Amino acid sequence: MLGPKKISRRRFLLSGAAAGGALLVGWGVAPPRQRLKAQAPLPVARDAVALNGWVAIAPDNTVSIVVPRAEMGQGVHTALPMLLAEELDVPLAAVRIVPAPQDKIYANLAVMRENLPFHPDDSGYTKAAAQWGLAKVARELGINLTGGSSSVKDLWLPMREAGATARGLLIAAASRAWKVAPEQVRADAGWLYHDSSGRKASYGSLAAAAALETPYDVPLKQPHAFRLIGRAQPRRDARIKSDGTARFGIDARPEGMVYAALRMAPTIGGTMAGINPASVLSLPGVLSVIDFSGALRGQTGAQAGVAVVARTFWQASQAAAALAVRWEAGPHAALSTQALFDGLAAALDGDDEHVYHSQGDVEDAATDARVLRAEYRAPLLAHAAMEPVNCTAQVSDGKVRLWLSTQAPSIVVDIAAQVAGVDAADVELHEHLLGGGFGRRLEGDMVAQAVAIARECQGRPVQMIWSREDDVMHDVYRPAALARFQATLDAAGSILTWQCRAASGALGHQFARRNLGLPAGGPDKTTVEGAYDMQYEIPHQRIAHVAVDTPVPLGNWRSVGHSQNAFFKESFVDEMAHAAGKDPVALRRAMLLQHPRHLAVLDAAVARAGKAPAGRAHGVALHQSFGSIVAQVAEVSVEGKEIRVHRVVCAIDCGLAVNPNLVAQQMESSVVFGLSAALGGEITIKEGKVEQANFGDYPVLRMHQAPLVETIINLSTEPPEGVGEPGVPPVAPAVANAVFKLTGQRLRSLPLRLA
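In the numbering used here, the protein residues as written are 237 to 991.
As C-alpha cells, then:
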C-alpha cells in the first residue's frame with residue numbers, strides 16, 4: 237500500500253479553489269504570471285538558440301516550436317505551430333515540433349477557466365472576475381492537459397505573442413548590426429531585409445545576437461495581414477500516419493524492455509482474494525507475477541489486479557489468461573443497469589437538487605397553458621479508442637522514465653512520482669502520438685499500474701498493454717443520465733416555460749479524487765452543461781440537476797455532459813414543435829431572435845441540406861458547446877428496424893477558423909464518433925460486471941455505415957473556439973428527430989432502437 241504523502245502546493249491550491257474560491261480573495265488584484273519565459277532554459281539541439289520558452293532557431297534556419305498539447309488526431313501539431321509561425325514570419329515547412337518541458341507556462345488556463353458554470357449569455361464583472369481568478373489559479377498550478385476542445389483557444393495569444401516577441405528580438409539584432417532603425421528592417425519567411433541598402437540576413441545567422449536583446453512588446457498582426465492563419469494547410473502528420481512511421485505510445489521500444497499483461501477484478505469494486513503465481517511461472521518467457529492493486533486511488537475500473545511479466549507480449553497475455561486468481565466480488569456484486577436507473581429515478585422523485593439556471597417564474601407563467609412532459613435517458617458509454625491503453629515505465633536508481641500517449645502530462649508525472657516514491661523532478665516523460673484519446677487518456681490509471689509493475693522489474697523497462705476486453709470492461713465511463721422535462725405552450729404555440737431536472741453521477745468529483753488526490757463535492761458543471769446554458773430565448777426557465785453517488789467509475793467522454801444533454805434538449809424542442817403544429821426549424825428560428833450567430837448557423841445548415849429525397853427525412857439539431865455553435869441536418873432512412881444515416885450537413889461557427897481543413901476533419905470525425913454512440917453505444921452491467929467486452933458487442937460505426945458529411949464554416953472574426961468536440965452533441969438528436977418524421981416513434985432513449 238502507498239504511504240502518506242506530504243500535501244503539495246498544487247493540491248493545497250486546488251482544495252482552496254474547490255472549497256469556494258476563498259483563495260482568490262485579496263489575490264485577484266495581483267498581476268497574472270507571464271507565459272513567455274520558462275523557469276529553466278528551453279532544451280535546444282544542433283546549436284539552436286532559444287529566444288523564449290516557445291521557440292528556438294538553429295544556424296541552418298530550422299525553427300523549433302514547443303507544442304505542449306497532445307496530438308490525438310485533432311491536428312494540433314499543425315494548428316498550434318501555425319500560430320507561432322504566423323507571427324514569427326517563417327514558412328510552416330521550416331518548423332519542427334519539440335515536446336514541452338515540465339513547466340507552468342505550458343499550463344492549460346482555458347480548460348479550467350471555462351469550467352465555471354456561467355451561462356454563455358452572462359456578462360459583467362462577476363463572470364469576468366471569476367474567470368480571471370481561476371485562470372490565475374490554473375497558471376499557478378501549472379496543470380498541462382489536452383481536453384475541453386481548448387488547445388487553440390488557450391494558446392491563441394501565448395503562442396502568437398511568443399512568435400511576435402521572437403521576431404522583435406531578431407529585428408532588434410539586425411537593426412543593431414546594420415545600424416539602422418528597427419522600423420527599416422523587414423521580416424519575411426525566415427529572413428530579415430533592409431530594402432534600401434539591399435542587405436539581408438537569415439534568422440539563424442542572427443539568433444545568437446537576438447537572444448542578447450531585451451524583449452519588448454511587439455504588436456500582433458491584424459487578421460488582414462495573416463498569411464497562414466485562416467488558410468487551409470495540409471496536416472503535418474499526414475505522411476507519417478500514412479506510411480506507418482508515426483510513433484504512438486504502444487510503439488515505444490526502450491532497450492531491454494519486457495511486457496506485462498493484466499488480469500483485473502471482473503466486478504466493479506472487486507478485490508483480489510488470492511493468486512497462485514506457480515501456476516504460470518514455468519511457462520515460456522514468464523519472468524514474474526506482480527500484484528499492483530495498491531497503486532491506484534479513487535474510483536477506477538482498474539483498481540484491483542495482477543500483472544504477468546514476460547519476454548514477449550504473447551507470452552505475457554497467454555500466461556495472464558492461465559493464471560489462477562481468486563476474486564472477492566465486493567460490495568457491488570448485485571449492481572445492474574436497472575438498479576442504476578432506478579436510483580436516478582428515485583433521486584428525481586426527491587427534493588434534493590442544485591439549480592444551475594433560473595429566469596422568470598415557471599410556476600406562475602404556466603397558468604392556463606398547455607403542458608407537455610417527457611423523460612429521456614442515456615446509457616453508460618466506453619471510450620474505445622483504437623490504440624489500446626498502454627504505458628511503458630522504467631524505475632531505476634531513484635528515477636522514473638515513462639513512454640506514454642497521454643492527454644495530461646503534468647498529472648501523470650505526479651502520479652508516477654507518488655507510486656514510485658520519488659520527486660516529480662525525477663520523472664522523465666517521453667510523450668508519443670495518441671491513437672485516439674476522447675478523454676480516456678486524461679486518466680493516470682495506466683501509469684500507476686505500469687510504474688507499480690516496473691518497481692518490481694529490477695530496473696528493466698516494462699510495457700504494459702491492456703487487451704480490448706480490458707479496455708471496454710474496465711473503463712471510466714460516460715455517466716448514465718435520466719432527464720425529465722416539463723414545458724408549456726401558450727395560445728400561439730410558442731414555448732412559454734421550460735423546466736428540466738436531470739440526475740446522473742458527477743464525473744468531475746471522481747476525476748478530482750482519482751487523478752488529483754482531492755476531496756470533491758458541490759455542483760459539477762459537467763453534469764448539466766448543454767442544458768442550463770442553452771441558447772433558446774424562452775422567457776421562463778428552470779434547469780436543475782441531482783448528483784447521484786455511483787460505484788461505477790466515471791470519466792470524461794468526448795463532449796462530456798453535452799453529449800447527453802444535447803440529445804435531451806433538442807429532442808424535446810422537436811416534441812414541442814410537433815405539439816404546437818409548427819415546423820421544428822421555424823420554432824427554433826423564432827427563439828433565436830437575439831442570437832444572430834446561432835440563427836446564421838442554423839440557416840446555413842438547413843439551406844445546404846435542401847429537401848430530403850423520397851423515402852428519407854431530415855432531422856435538425858442546434859447546439860452550442862465549448863464556445864462553438866453547431867447545427868446539423870441528418871438525412872435518414874429506415875428499413876425495417878434499421879436506421880441508416882446517409883448524409884449529415886454540419887454548419888459551425890467556431891470563431892476564426894485557424895485551419896479550415898482541420899475544422900472539416902473534426903466535424904467528420906465527430907459525426908462518426910457521435911453516430912457510433914447514437915446507433916449502438918451502450919455499456920450495461922449485470923451482477924456487478926460490465927457485459928460488453930469487444931467491438932462485437934460494443935460496436936463502432938463501420939465504413940459502409942458512415943454518411944457523407946458536408947461541413948460549412950461560418951466566417952467570423954471572433955477569437956477561435958473549440959472544434960474537437962462540438963460536432964458530437966447534435967448528431968443523436970438530429971437522427972432521432974428524422975426517425976420521428978419517418979415512423980412517428982419518438983425515441984427518448986439512447987442508443988436509438990425502433991420497436
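Note that CB positions come from ideal geometry on N, CA and C, so glycine has one too. In this text the structure is predicted, and so the values were computed from the model without any measurement.
Should residue i and residue j be called a contact, given that it needs their Cβ atoms to be closer than 9 Å?
i	j	result
glycine 766	glutamine 800	yes
leucine 523	valine 788	no
methionine 348	arginine 677	no
alanine 974	valine 872	yes
proline 956	valine 894	yes
tyrosine 452	isoleucine 293	no
alanine 321	leucine 464	yes
leucine 838	alanine 887	yes
glutamine 685	valine 712	no
leucine 352	alanine 374	no
tyrosine 592	isoleucine 779	yes
valine 866	glycine 963	yes
valine 625	aspartate 707	yes
histidine 814	phenylalanine 976	yes
phenylalanine 804	cysteine 736	yes
leucine 898	serine 952	no
proline 335	valine 285	no
glutamate 623	alanine 929	no
alanine 400	glutamate 449	no
alanine 552	methionine 682	no
alanine 501	alanine 688	no
glutamine 420	glutamine 595	no
alanine 970	leucine 983	no
Determine the closest residue to residue i out of the options, with distance taken between C-alpha atoms.
i	options	result
histidine 664	Lys635, Ala437, Pro317, Asn895	What sits at residue 664 in the sequence shown is glutamate, not histidine. When each option's Cα is compared against that of glutamate 664, the closest is Lys635.
alanine 822	Arg852, Ala857, Tyr439, Gly791	Ala857
valine 454	Pro490, Ile465, Ile486, Ala402	Ala402
arginine 714	Pro697, Gly744, Arg349	Gly744
glycine 817	His831, Phe862, Asp726, Ala364	Asp726
arginine 942	Asp760, Arg269, Ala870	Per the sequence shown, the amino acid found at residue 942 is alanine instead of arginine. Taking only the C-alpha atoms, the option nearest alanine 942 is Ala870.
serine 912	Val866, Pro965, His568	Pro965
arginine 691	Phe674, Trp639, Gln630	Gln630
glutamine 935	Asn950, Leu944, Gly924, Phe909	Correcting the residue identity first, residue 935 is proline in this sequence and not glutamine. The shortest C-alpha separation from proline 935 is found at Phe909.
glycine 510	Tyr772, Ser985, Val561	Val561
methionine 318	Asn297, Val291, Asp296	Val291
glutamate 946	Glu904, Leu986, Ser985, His940	Glu904
asparagine 792	Ala514, Thr762, Ser433	Thr762
proline 820	Ser807, Gln830, Leu829	Ser807
glycine 485	Arg794, Trp368, Pro295, Leu670	Leu670
alanine 565	Lys925, Asp810, Val655	Lys925
threonine 642	Cys627, Ala656, Phe577, Asp633	Cys627
threonine 573	Leu616, Ala853, Thr724, Gly466	Leu616
aspartate 283	Val655, Pro327, Ala444	Ala444
Report back the beta-carbon spacing between residue i and residue j to the nearest angstrom; my notes put them in contact at under 8 Å.
i	j	result
serine 385	glycine 958	3 Å
alanine 621	glycine 672	3 Å
leucine 580	alanine 716	7 Å
glycine 311	arginine 471	6 Å
glutamate 397	leucine 316	No, glutamate 397 and leucine 316 are not in contact; Cβ-Cβ is about 13 Å, not under 8 Å.
glycine 506	alanine 540	6 Å
glutamate 589	histidine 781	7 Å
glutamine 868	valine 884	6 Å
valine 516	alanine 555	4 Å
State yes or no: is the beta carbon of residue i nearer than 9 Å to at least one beta carbon in chain C?
i	result
glycine 817	The displayed structure is made up of one protein chain only, and chain C is not part of it.
Taking 8 Å as the cut-off, does the CB of residue i come closer than this to any heavy atom belonging to the ligand ATP?
i	result
glycine 924	Only the bare structure without any ligand can be found here, which leaves the ligand ATP out of the picture.
If you pair each beta-carbon of the region 693 to 703 with each one of the region 478 to 496, do three or more pairs fall below 8 Å? Contact between the region 693 to 703 and the region 478 to 496 is present, because at least three Cβ pairs lie under 8 Å.
Is it true that the region 791 to 809 meets the region 844 to 862, where meeting means three or more beta-carbon pairs spaced less than 8 Å apart? The count of Cβ pairs closer than 8 Å, one atom from the region 791 to 809 and one from the region 844 to 862, reaches three, so the stretches are in contact.
Tell me whether the region 365 to 381 and the region 768 to 788 touch, counting them as touching only if at least three CB pairs, one residue from each stretch, are closer than 8 Å. no
Runs of 3 residues minimum, wholly inside the region 676 to 704: which ones carry the beta strand (DSSP E) assignment? 698 to 701
Assess, as a yes-or-no matter, whether the region 547 to 556 is touched by the region 596 to 605 under the definition of 3 or more beta carbon pairs within less than 8 Å. no
Decide yes or no for the touch test of the region 269 to 280 against the region 353 to 364: beta carbon pairs closer than 8 Å, at least 3 of them. no
My parser needs the alpha helix (DSSP H) runs of 4 or more residues fully inside the region 371 to 433; what are they? 387 to 391, 394 to 414
4 or more residues per run - each alpha helix (DSSP H) lying fully within the region 632 to 664: If we require 4 residues or more, the alpha helix (DSSP H) runs fully inside the region 632 to 664 come out as 645 to 656.
Every unbroken beta strand (DSSP E) inside the region 534 to 595 [3 residues or more]: 541 to 546, 560 to 564, 590 to 595
Quick check: the region 915 to 930 against the region 833 to 847, are at least 3 beta-carbon pairs closer than 8 Å? no
Please go through the region 283 to 359 and give each complete alpha helix (DSSP H) segment of 4 or more residues, from N-terminal end onward. Annotation note: the region 283 to 359 contains the following uninterrupted alpha helix (DSSP H) runs of length 4 or greater, listed N- to C-terminal: 312 to 324, 345 to 349.
Entirely within the region 763 to 851 and at least 4 residues each: give me those alpha helix (DSSP H) ranges in chain order. Correct list: 798 to 816, 820 to 826, 832 to 845.
Enumerate, from N- to C-terminal direction, the unbroken beta strand (DSSP E) stretches of 3 or more residues contained entirely within the region 697 to 760. Correct list: 698 to 701, 717 to 725, 731 to 740.
Runs of 4 residues minimum, wholly inside the region 462 to 502: which ones carry the alpha helix (DSSP H) assignment? 474 to 479
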